[in-house]
Amino acid sequence: DLLINQIAAGEVVERPASVVKEVVENAIDAGARRIDIELEEGGIRLIRVRDDGGGIAPEELRLAVSRHATSKIASLDDLESVCTLGFRGEALPSIAAVSRFALTSRPTDAGHGARLEIDGGRGGDIAPHPHPPGTTVEVRELFFNVPARRRFLKSERTELGHVEEWIRCLALARPEVEIRLVHNGRQTRHYRPARDPAARLARVAEALGGEFGGACLALEQSTADELRLSGWIGLPTASRSSADQQYLFVNGRVVRDRTIGHAIRQAYADVLYHGRHPAYVLFLELDPRRVDVNVHPAKHEVRFRDARRLHDFVYRTLSEALGATRA
Ligand code: ADP
Ligand code: MG
8 DLLINQIAAG EVVERPASVV KEVVENAIDA GARRIDIELE EGGIRLIRVR DDGGGIAPEE
68 LRLAVSRHAT SKIASLDDLE SVCTLGFRGE ALPSIAAVSR FALTSRPTDA GHGARLEIDG
128 GRGGDIAPHP HPPGTTVEVR ELFFNVPARR RFLKSERTEL GHVEEWIRCL ALARPEVEIR
188 LVHNGRQTRH YRPARDPAAR LARVAEALGG EFGGACLALE QSTADELRLS GWIGLPTASR
248 SSADQQYLFV NGRVVRDRTI GHAIRQAYAD VLYHGRHPAY VLFLELDPRR VDVNVHPAKH
308 EVRFRDARRL HDFVYRTLSE ALGATRA
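First residue of the sequence shown: 8, per full-length UniProt numbering; consecutive thereafter.
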């Protein structure tokens, strides 16, 4: 099983960011309202994720790190809607096979917590351990026992960048969840929970950089047949924006789409936008039957039933919003 887990880890775990992704998705699935992420050396030395979700009973800790043991077949659809794809019941055993791993948890209604430790896939003893309601996953020395993979890790800065990018995307998709990121003992990100539009904009500004918050337009438009576009777009006069400030979520899932990208560029071209990459955070919602999200999950591509209509809807909505700024 150890070997199988190490092989599976090759698919699930590429770098610290993939560990953070899997573990944070688990926290969200567990209903966490607050997630604390702590990294050392870009996550290569340590990744620690604590959540205040439902927790795991001591007698179920071992199951949580067994292959193909998932407690949530019923929620596959929800998972789809997060930032990216997960691997059904494979994440924790895979991560535990290639790191020094600890899972500490306390269910909301339990009096105390318990901790399970696995070292490069070995061990698995469970002992009582103090812990507030919720779960902490610790992953130390990623790939310590797989030198070939460890060599593929990039610099601390690059690995941190990948983690931050994924967290940014999640912070935008899940505004109600508080997320903190601490790197080498210093808090580098704090996404406060956002319930009203002002708080959501503050969160978007935190994600994209402060300037965006003061140089964007809010927009919201829907059609009778339940197409809905909402979010924020940069003012055409905004002094700075870049390709990494472009976020499109389709039914809550981050995607890259040429049709929509084209519609957005077109709308900006009309208002004499001189930058190269207008900044935007847009949420498109539509009947799930009108979009196929499984074209290429790893590449965040989707296929729309009626792309032409969607293009026009996005173009018109942005044109109106941008046109109004000229008046
Ligand atoms: P999957 O998420 O596909 O079910 P994982 O290996 O990621 O597989 O997790 C295995 C199981 O461990 C989950 O189904 C869940 O029951 C439990 N689990 C993992 N992380 C948490 C967490 N943070 N809070 C509560 N339960 C968790
Ligand atoms: Mg999971």
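Ideal Cβ placement from N, Cα and C applies to all residues, glycine included.
Proximity winner among R57, P139, P114 and A24, relative to I102 (alpha-carbon distances): Among R57, P139, P114 and A24, the Cα nearest to that of I102 is on A24.
Nearest candidate by alpha-carbon position, reference A205, set A109, C223 and N191: Looking at the Cα atoms, C223 is the closest of the given residues.
Cα-Cα separation, Y322 to I271: Straight-line measurement puts the Cα of I271 at about 6 Å from the Cα of Y322.
Local Cβ density within 10 Å of L46, reported as buried at 16 or more and exposed below that: Result: buried.
Best match in R283, S249, E308 and A245 for proximity to I267 [C-alpha to C-alpha]: The closest CA to that of I267, considering only R283, S249, E308 and A245, is found on E308.
Y280 and Q253 closer than 7 Å at C-beta: 7 Å or more divides the Cβ of Y280 from the Cβ of Q253.
Whole-Å CB distance - G120 paired with R113, under 8 Å assumed: G120 to R113, Cβ: 3 Å. Contact.
Rounded straight-line distance, which links the Cα of L242 to that of R263: R263 and L242: Cα-Cα distance of roughly 21 Å.
Check: L99 C-beta below 6 Å from any heavy atom of the ligand ADP: At least one heavy atom of the ligand ADP falls within 6 Å of the beta-carbon of L99.
Span of the alpha helix (DSSP H) around G221: Taken as a continuous stretch (DSSP letters only), the alpha helix (DSSP H) holding G221 covers G217 to G221.
Contacting residues, own chain, Cβ-Cβ under 8 Å from R210 (five flanking each side not counted): Same-chain partners within the cutoff: A178, L179, P182, Y198, R199 and A201.
Supposed contact pair A104 and A16 - C-beta distance, whole angstroms, cut 8 Å: Indeed, because the Cβ distance is near 5 Å, the residues count as touching under 8 Å.
In DSSP terms, what V30 is bridged to: Partner(s): none; V30 has no beta bridge.
7 Å Cβ cutoff met for R57 and T143: One thing to note: R57 has its Cβ within 7 Å of the Cβ of T143.
Neighbourhood of V72 by C-beta distance below 6 Å, restricted to the same chain and skipping five residues each side: Same-chain partners within the cutoff: L99, P100 and A103.
Three-state secondary structure (DSSP) of G62: Residue state, collapsed to three classes: coil.
Rounded straight-line distance, which links the Cα of A331 to that of V19: For V19 and A331, the distance between alpha carbons rounds to 47 Å.
Residues that G141 bridges to, as DSSP identifies them: Under DSSP, the beta-bridge partners assigned to G141 are R113.
For E97, the three-state DSSP class (helix, strand or coil): Three-state result, E97: coil.
Burial state of T230, where buried means 16 or more other Cβ atoms lie within 10 Å: The residue is exposed, with fewer than 16 neighbouring Cβ atoms inside 10 Å.
Closer than 6 Å: N33 CB and nearest the ligand MG heavy atom: N33 has its CB nearer than 6 Å to a heavy atom of the ligand MG.
Delimiting residues of the alpha helix (DSSP H) encompassing L279: No alpha helix (DSSP H) holds L279; DSSP gives it neither H nor E.
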